[in-house]
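Written below as structure tokens is the structure these notes are about.
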Amino acid sequence: MVNIIVELSKYLIILFMIAYTYQCFAVFGHHDSRKKRRILRTQNVLMFEIHLVAFLVMYLQTQEKRVLYLYVIQVLVLTVIILLYTKIYPRISRLIVNNMCMLLSAGFIMLTRLSYNLSLKQTVIAAGGVAVSLLVPAAMSRIKILASLKKVYGIVGIIALALVLVIAPISGGAKLGFEIGGFGIQPSEFVKILFVFLVAASFAESVQFKNIVTTTAIAAAHVLILVISKDLGAALIIFVVYLVMLYVATRQPLYIVAGLGAGSAASVLAYHLFTHIRTRVHAWKDPFADYSGGGYQVAQSLFAIGTGSWFGMGLYQGMADKIPVASTDFIFSAIAEEMGLIYALCLILVYLSCYVMFLNIALQLVNVFYKLVALGLGTCFIFQAFLTIGGVTKFIPSTGVTLPLISYGGSSVLSTLIMFAIIQGLYHLREDEEEAIERSKEQQKRTKQKNAEKEKHTRRSAKRPERERTAVSSERRPQPQSYGTETGSIDEEIGATVREALRERKDAGERNAPARKRGR
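So, in structure tokens, the structure goes:
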């Protein structure tokens, strides 16, 4: 019976996920607010149904009550996230909130399958991260000096990366961060946000060549420190984010060509300088040639994805726990194995939906600084997802970055939640800008109407004295004098004389009429 439920659950989860993903893009085509709200509410229902079915299967497989307890906790966390965001900020993007919760939910499911303790920690991290990030949209609206803190962003970012380089322990061949109280802190995750603000503030101030050279030097310092620390994933993300923001700010393709050329040269140099980079490149070219060594992770990832096929093996039916670092770098492979390629592809489309929304917000913002911030954070988010998925599918060499909001990791989850909160703050600012523009248009319209009324009144006032002057002048004009007797004018006398002559002629004619008859 359990096997039947597990088998049916695969198709049910995929069906719900396809419906959710379709609505991620269908909402862009609706302008009716009621239809949009209905779609967004349906997305919430689908997300909770996927979460319920997955945890039901995991409980049936493990028979552990703690799985049910964790399910209840996660449902409460997701519900509170949705309610708090929509109640505190009623004008935010509900689609971004829904996608954020869907990605968190997908991570909760797979982490519970891999490790109960990691899933519990991830739930606590998500709850704490949301509590912190809820303050960000309000701060974005109220703090007006963000664009003037360019030096602060640069100094804090470089100092944080330098501290990691100097005192952080080596983990996995690289210096990534520290561990405090069982939770890892990776400063580079937060430096990426500071870097976006730095570049946005710099290019909003000026895009003159001198300023571009200075900003490029600061960006190169960030990348160089990360390369020395062997945090190649973060270095590559910062490099690509800078190129995209530089091109959008200047509209000069030459900068892109020069940047790609410099990046290619730096990659060749790094390949010859660092052993672990050569190992990853060889594993990417042929992971099975060194199956027991550097190619083991990529080979296991490809095995898992191929085994899962389109519909997956089902939760606890695969060997996801055998994939190296399955909870962090290779969690996408674990998802593809047990939940299927269709589900995994839908997750990619959810990431793409988020990026489209980020770009949409960036395009609608008027302020250059905020526009570049939205673009930079969106590029950082989608490129990190690309690096992770591309690495586990052998599309590109593995870079060791995590899948945003799904992979386990305190700093990764917290920084991504802050990114989403910043985007929500920018969405709120976009609404304010639109309202300000509408108010400005209304004010201009009223001003034009007032000016038109004043002009009309002025014209009327100008015509009134002219009519009065005409009337006065006509009164003052000398009247023609009449000559004749007291009884009438000359015309009247002439008329009377003519009438008298006609009357006499008529009377004479009547007297002569009988005489003419007698003569005949």
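The sequence shown runs 2 to 521 under the numbering used here.
In this text, a Cβ means the ideal position worked out from N, Cα and C, and glycines have one as well.
Under the three-state reduction of DSSP output, Ile397 falls in the coil class, being neither helix nor strand.
Glu338 carries a helical assignment under DSSP once its states are collapsed to helix, strand and coil.
The Cβ atoms of Leu115 and Ala345 lie no closer than 8 Å to each other.
Beyond the five residues adjoining it in sequence on each side, Ala271 comes within less than 6 Å, by CB distance, of Ile278 in the same chain, given in chain order. Counting only runs of 3+ residues, the beta strand (DSSP E) found wholly inside the segment 155 to 231 occupies 179 to 181 and 184 to 186, in chain order. Note on geometry: alpha-carbon atoms of Pro325 and Ile229 lie some 25 Å from one another. Exposed is the label assigned to Arg460, since fewer than 16 other Cβ atoms lie within 10 Å of its Cβ. Boundaries of the alpha helix (DSSP H) around Lys88: Lys66 to Ile89. Comparing alpha-carbon positions, the option among Tyr409, Asp287, Val192 and Leu360 lying closest to Ile383 turns out to be Leu360. The segment 446 to 453 makes no contact with the segment 211 to 220: fewer than 3 CB pairs, one atom from each, lie closer than 8 Å. For His273, the enclosing alpha helix (DSSP H) begins and ends at Pro254 to Leu274.
Here Gly377 has Val197, Val200, Ala201, Val242 and Met246 as same chain residues with Cβ atoms under 7 Å from its own Cβ, once five neighbours each way along the sequence are excluded.
Contact between Ile238 and Lys193 holds: CB atoms are separated by about 6 Å, below the 8 Å threshold. Taking every protein chain shown into account, the CB of Pro405 has 16 or more other CB atoms within 10 angstroms, so this residue is buried. When rounded, the separation of the alpha-carbon atoms in Gly411 and Leu105 is 13 Å.
In the DSSP assignment, Thr124 falls within the alpha helix (DSSP H) that extends over Tyr117 to Ser134.
Phe26 carries a helical assignment under DSSP once its states are collapsed to helix, strand and coil.
The beta carbon of Val3 lies closer than 8 Å to those of Leu61 and Gln62 in the same chain, with the five residues before and after it left out. Collapsing the DSSP output to three states places Trp285 in a helix.
The Cβ atoms of Val299 and Trp285 lie closer than 8 Å to each other.
Counting the other Cβ atoms within 10 Å of the Cβ of Asn452 gives fewer than 16, which makes it exposed. For Met340, same chain residues with a beta-carbon under 6 Å away, outside a window of 5 residues either side, are Gly313 in chain order.
Excluding the 5 residues flanking it on each side, Val54 has same chain C-beta neighbours closer than 7 Å at Ser10, Leu13 and Ile14, in chain order. Between Ser354 and Gly155, the alpha-carbon positions lie close to 31 Å from each other.
Between Val414 and Ala127, the CB-CB gap stays under 8 Å.
The residue among Ala386, Phe26 and Gln209 with its C-alpha nearest the C-alpha of Arg252 is Gln209.
Excluding sequence positions up to five before and after Glu50, its CB lies within less than 7 Å of the CB of Phe17, all in the same chain and listed in chain order. Taking C-beta atoms under 8 Å as the contact rule, Ser142 and His429 qualify, at a distance of about 6 Å. The Cβ-Cβ distance between Gly264 and Phe240 falls below 8 Å. Each residue's CA atom was taken as its position, placing Arg39 and Leu57 some 27 Å apart.
With at least 16 other beta carbons inside 10 angstroms of its own, Gly108 counts as buried. Following the DSSP letters along the chain, one finds Tyr243 inside the alpha helix (DSSP H) bounded by residues Leu233 to Thr251. Approximately 6 Å separates the beta-carbon atoms of Val131 and Leu418; this is inside 8 Å, confirming the contact. CA-to-CA, the gap between Phe191 and Asn100 works out to about 21 Å.
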